[in-house]
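The C-terminal residue of the sequence shown carries number 469 in the numbering used here, and the numbering is unbroken.
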Amino acid sequence: MPEERPIEGLPAVSPPDPVALEKERAWLRRQNEAPMLVRWSAFLKKGGPGYLQSALTLGGGTAATMLFAGAAFGYGLLWVAPVSMLLGVVMMTAVAHQTLSTGERPFESMRRHAGPVFAWGFAGGAIFSSIIWHFAQYSLAAAVIKDMGLSVGMEIPQALGGGAVLACAIFWSFAYGKSSRALHVFESSLKVLVWGIVACFGWVVFKTGIADPAALLKGFIPFQFPEGTGGVQAATVVVGGLAAAVGANMLFLYPYSLLARGWGRDHRQLARFDLFAGMLLPYFLATTLMVLAMANTFYYGDAEFSGTNLSPVEAAKALSGVVGEGAGRWIFNLGILGMAVSSIILQMVCCGFVATEVLGWKFGSTKYRLACLLPAPGVLGAVLWKNIALWVAVPTTLLCGFLLPVAYLGFIKLHKNRAYLKEDLPTGPKANAWLGGMILATLTLTVFLVWYAITKGPAFFDQLLAG
């Protein structure tokens with residue numbers, strides 16, 4: 003196996019101290035032999051990249067999709083988020099096993115063992131999804147900045163709001179990873195904003211209660227579509243939700259974040275647990291609360307609901323009845339703004355890091371910074387879709403979903419490659435079930451995307467452009 007080494011300069015992670023890392027490995031070896039409940043309790047205190055992935059995926063796409071699911075279809079689409087993330091976790095678990103077993107950098111491993119098509123699809127998907135997503139993120143950010151201004155009697159043009167976000171994003175993407183103290187403050191503040199809005203939605207659900215427990219349980223039954231919705235809108239939310247759970251750029255950064263922490267073989271059980279406890283469970287909790295809160299307070303019940311008539315201001319009404327109109331409006335807007343800005347910065351960082359990894363450029367160099375600017379034209383989204391700022395996030399997520407299957411197929415090939423995994427190649431019934439889960443995740447996403455593109459997509463995008 004290649005020598006395990008931390009990746010110097012990887013954003014968001016400082017190279018680990020060798021002595022501390024060896025102590026951690028010894029601790030992990032003890033935990034890996036402990037009873038399951040004791041091991042899980044210890045792992046909960048440790049945490050890892052899984053929680054960071056959960057914070058990253060709770061961005062504008064997830065928020066918009068879940069808000070529309072609750073507002074348009076009540077409890078009917080509660081199944082979308084957990085099913086989407088569960089399929090994503092199956093794939094991410096395989097990525098963690100491959101990376102931690104070999105200690106190799108995934109792009110180069112995929113190029114050598116799966117083929118250049120899959121490797122470049124893996125990297126290209128990360129770049130293009132970051133660029134495409136920028137337009138919707140700026141649309142969201144500028145809309146909530148404008149509404150925050152209106153709440154205090156100020157008229158802030160969305161172009162100005164978009165420009166301010168761009169300036170902030172450039173500063174942080176260039177500085178990202180350079181100052182651990184500033185980075186910690188930045189990430190902590192974003193987590194407070196994101197989890198603050200989740201807590202508020204939870205409070206809304208607590209105060210409003212569950213009117214129909216049977217409908218709630220039925221909403222978690224997978225692959226059902228609410229009746230009488232006309233098809234296009236429900237299908238858009240379903241496919242958008244499936245594509246929002248795991249992004250191509252998120253998939254690219256995850257294995258490198260493992261390597262950057264110095265994690266290796268001894269961390270495999272921790273990585274698997276971290277994906278479920280740190281990624282799947284928080285995502286399930288956050289998305290479910292968003293859907294329930296919107297369903298309880300803002301359910302349209304309208305078969306002709308198009309999405310364009312739900313603005314950030316209207317969505318904030320879900321909080322106003324519980325925490326007050328002014329406070330609810332600001333909490334909602336700050337949460338959405340935090341999600342959008344954090345996604346914009348990380349998407350810029352992703353573009354820069356892909357360039358350093360693929361082209362061999364030095365992290366933090368002038369070339370790296372130019373690569374970070376690749377998605378910057380997305381600031382035009384602040385003025386192109388200012389009237390449908392939330393809704394445009396859903397089809398954007400859908401478009402980015404088309405970039406995932408190639409990377410998924412590449413990791414499936416790696417998972418079956420003995421020359422790559424050697425003695426760590428999974429075997430036996432559990433391994434077959436694991437591989438089957440990876441294939442199921444790939445087929446589910448691909449089939450839904452192709453089905454939507456053929457049967458529903460043209461009508462929806464005509465409606466979007468008309469809006």
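Here a beta-carbon is modelled for each residue, glycine too, at the ideal position from N, C-alpha and C.
Collapsing the DSSP output to three states places Pro118 in a helix. Per DSSP, the continuous alpha helix (DSSP H) segment holding Met94 begins and ends at 82–104. In this structure, Thr67 lies near Gly243, with their beta-carbon atoms less than 9 Å apart. Annotation for Gly164: Tyr140, Ala144, Val381, Ala384 place their beta carbon closer than 6 Å to its own, counting only its chain and skipping 5 residues before and after. For Ser259, the enclosing alpha helix (DSSP H) has its first and last residue at 250–262. The straight-line gap separating the alpha-carbon atoms of Leu372 and Ile172 is approximately 10 Å. In the same chain as Val91, and ignoring 5 residues on each side of it, the C-beta atoms closer than 7 Å to its own belong to Leu277, Phe278, Met281, Leu282, in chain order. Note on Asp149: 16 or more other CB atoms within 10 angstroms of its CB, so buried under the neighbour-count rule. Selection Ala161, Cys402, Glu425, Asp19 evaluated against Met252 yields Cys402 as nearest (Cα-Cα). The alpha helix (DSSP H) runs of length 4 or more contained entirely in the region 327–410 are, from start to end of the chain, 327–361, 368–374, 383–386, 395–403.
Its chain contains Ala357, Lys369, Tyr370, Ala373 as the residues whose beta carbon lies nearer than 8 Å to that of Trp363, once the 5 sequence neighbours on both sides are disregarded; these appear in chain order. In this structure, Tyr301 is the residue among Ala455, Pro159, Val360, Tyr301 with its C-alpha nearest to the C-alpha of Gly76. Per DSSP, Gly439 is one residue of the alpha helix (DSSP H) stretching across 430–457.
The alpha-carbon separation between Leu442 and Ser367 amounts to approximately 41 Å. By the CB criterion at 9 Å, Phe222 and Pro84 fall inside the cutoff. When DSSP states are grouped into helix, strand and coil, Val40 belongs to the helix group. Remark: C-beta atoms of Ala297 and Val167 do not approach each other more closely than 9 Å. Within the same chain, Cβ atoms closer than 8 Å to the Cβ of Gly211 are found at Asn298, the five residues on either side in sequence being excluded.
Leu427 sits in coil when the DSSP states are folded into three classes, being neither helix nor strand. Relative to the Cα of Phe176, the nearest Cα in the group Ala28, Tyr256, Thr59, Ile347 belongs to Ile347. Comparing C-alpha distances from Leu261 to each of Glu106, Ala44, Arg31, Leu386 shows the shortest one belongs to Glu106.
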